[in-house]
Amino acid sequence: MDKFIVKGKTPLRGDISISGSKNAALPLLAAALLTDEPVRFSNVPRLQDIYTFNNVLRVVGAQVQFLEEQNQVHIDANNVNYLEAPYDLVRKMRASFYMLGALVGKHGYAKVSMPGGCAWGPRPVDLHLKGLEAMGIQITLDKGYVVAKADDQVSGGSFRLEPSSVGATINLILAAVLRAKSFRIENAAKEPDVVQLCRVLNEMGARIEGAGTDTIHIQKVDKLTGGTFRNDPDRIEVGTFMIAATMHPDSHLRLLGCNADHLGNFPELLRQTGAQVSIDGETIEVKAPEVLQPVSITTGIYPGFPTDLQAQWATMLTQANGHSSVTDTVYFDRFSYVPELSRLGADLKVEQNKVSIHGPSKLEGASVMSTDLRASVSLVLAAMVAENSSEILRIYHLDRGYESLEGKLNAVGAKLTRAQE
Ligand code: EPZ
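Here this note's numbering is used: the first residue of the sequence shown is 242, the next is one more, and so on.
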């Protein structure tokens, strides 16, 4: 397994180009199964999760070409003939569960493994299954697999998501587009990932209204055409690097190829720490403050503070001058990074779904363990402002969600080396 050796304490200065969004690309890959015509996606990041999803598509019979140098994926699902997504692939990546909606939506049958849990606890799919049943799709469980069956046209109707779920919204859209006469999703997720999926499906001929609002209304069409589409930039990567730029007083980064419309009030929150944040089209510039002010946050569903930036924000607060807290209302136990930050000398503690932080802490290099994607990148942020060397173990978590992270950070002054554990 790979590890990072990180030499602190380094300021970050220069330009970083933002990659395509992982979480926006994955539903697009599933949507390619809804047409018999070739589909091409550009700005797809070279990440483990994309390779995994490409393999899931190949298992069911789609032809998939990943032109890595161009960050393009070409998919031809004309010969899909095997309507199952196996456990050993689905357990690797929860988003494979989108195969359920796509396969039953296009073919009227799907057999997909229940997804595993993940580092920070159970992640249920009850809303996906209840929503599909509300649509008129027959759902049965068979030894850890979900079997979905649907007539050519199902009754449709409506279903309210409680809580609002990104994955459930996506799965229900994929199932309904070709199959449900009329289907309404209440309390639908509003993430840009969902808005992009609906925009692309509509360009392929679907009839979806209300993307980005509380209620999404889908009306059945008989077929979808193919096409070429560009994937959004990764808003979580943008937020991660904006935070990185505040943690050393001499840091100053320009992030290129961003979409600031996807960031909600995150830039304003970051300004409250004293950081200078300027947005000019697709370029976001962040200059660190002399002294970081503590700014407490609570995560929420979009457009609230993203849970995927919770660990990074808490890490930044270890360097802020005073007390603060981070509360996660989306995932109540997504704090596995806290004991690792303590090993670096940070002063923070978790009570239920809230971490309280006292800063600034002088961080000292140590050996720490990645536990999940966003926790791992937070350890990199901390190690870059710790004195002396740190080693970050099990960075395969990072490789799932950050394209060439060491290349990007070393180009702006970090000292990361990848080595064998
Ligand atoms: C997506 O996961 C993202 N993954 C996650 O990013 C992100 O953290 C999450 O949305 C929240 O923003 C992808 O897009 C591939 P949810 P998803 O269904 O769809 C509860 C990363 O770091 N829930 O919106 O699985 C659930 O327990 C990953 O890139 C149910 O109760 O998240 C949670 O509390 C990690 N029943 C809340 O909804 C269900 O059937 C939000 O989960 C489904 C979800």
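For glycine and all other residues, C-beta sits at the position ideal for the given N, C-alpha and C. Given the structure is predicted, the values throughout are model-derived calculations rather than measurements.
1) Within 10 angstroms of its Cβ, does Val579 collect 16 or more other Cβ (buried), or is it exposed?
2) According to DSSP, simplified to helix, strand and coil, what is Thr548?
3) If you draw a straight line from the C-alpha of Thr664 to the C-alpha of Arg471, how long is it?
4) Assuming the contact rule is C-beta atoms closer than 8 Å, Gly654 and Leu253 should be a hit. Round their C-beta distance to whole Å, please.
5) Assuming the contact rule is C-beta atoms closer than 8 Å, Val596 and Ser566 should be a hit. Round their C-beta distance to whole Å, please.
6) Taking Gln593 as the reference, give the member of Gly586, Arg495, Asp574 and Ser608 with the closest Cα.
7) Between the Cα of Val418 and those of Leu438, Glu605 and Leu324, spot the shortest distance and give me the residue it belongs to.
8) How many angstroms separate the CA atom of Val345 from the CA atom of Phe576?
9) Below 7 Å CB to CB, which residues in the same chain sit around Glu432 once its five sequence neighbours on both sides are set aside?
10) Is it right to say Pro356 is buried, meaning 16 or more other beta carbons lie within 10 angstroms of its own, or is it exposed?
11) Would you report the Cα separation of Thr570 and Ser492, rounded to the nearest angstrom?
12) Quick test of your reading: Leu620 and Ser611, contact by CB under 8 Å. State the CB separation rounded to the nearest angstrom.
13) Within a Cβ cutoff of 7 Å, which residues of the same chain sit near Val536, ignoring the five residues on either side of it in sequence?
14) Measuring CB atoms only, is the segment 449-461 touching the segment 474-487, in the sense that at least three cross pairs come out at less than 8 Å?
15) Find the nearest neighbour of Leu533 within the set Gln560, Ala555, Gln517 and Pro547, judged by alpha-carbon distance.
16) Would you mind giving the Cβ-Cβ distance between Phe507 and Leu494, rounded to the nearest angstrom? I have them listed as a contact below 8 Å.
17) On a CA-only basis, which of Ile380, Ile633 and His458 is nearest Arg401? Give me that one, please.
18) Suppose the cutoff is 6 Å on Cβ atoms and the five residues either side in sequence are ignored; what does the same chain contact list for Lys248 look like?
19) Can you give me the C-alpha to C-alpha distance between Leu582 and Phe245, rounded to a whole angstrom?
20) For Lys603, which option in Glu632, Ile316 and Asn562 has the closest C-alpha, if you only look at C-alpha atoms?
21) Distance check for Gly377 and Ala273, CA to CA, integer angstroms please.
22) Could you tell me if the beta carbon of Gly408 falls within a distance shorter than 6 Å of some heavy atom in the ligand EPZ?
23) Entirely within the segment 274-330 and at least 3 residues each: give me those beta strand (DSSP E) ranges in chain order.
24) So, does the segment 280-287 touch the segment 305-314, judging by three or more C-beta pairs under 8 Å?
25) Helix, strand or coil: how does DSSP classify Phe338 here?
26) Out of Asp329, Leu614, Thr410 and Asp463, which has the shortest C-alpha to C-alpha gap to Ala552?
27) Taking the CB atoms as reference points, tell me whether Val609 and Arg584 lie closer together than 7 Å.
28) Three-state secondary structure (DSSP) at Gln560?
29) Excluding sequence positions up to five away, which residues of its chain have a Cβ less than 6 Å from the Cβ of Ala334?
30) On the criterion of 16 or more Cβ atoms from any shown chain inside 10 Å, does Leu308 qualify as buried, or is it exposed?
31) Using a threshold of 6 Å, is the CB atom of Asp243 nearer than that to any non-hydrogen atom of the ligand EPZ?
Let me spell this out:
1) buried
2) helix
3) Past the edges of the chain, shown from 242 to 662, lies residue 664, and the structure says nothing about it.
4) 5 Å
5) 7 Å
6) Asp574
7) Leu438
8) 36 Å
9) Val407 and Tyr543
10) buried
11) 31 Å
12) 6 Å
13) Leu510, Gln513, Thr514 and Ser565
14) no
15) Gln560
16) The Cβ separation is near 15 Å, so there is no contact.
17) His458
18) Ser630 and Lys656
19) 16 Å
20) Asn562
21) 23 Å
22) yes
23) 280-283, 304-308 and 313-317
24) yes
25) helix
26) Leu614
27) yes
28) coil
29) It is Met, not Ala, that sits at residue 334 in the sequence shown. So the qualifying residues of the chain are Asp290 and Thr293.
30) exposed
31) no
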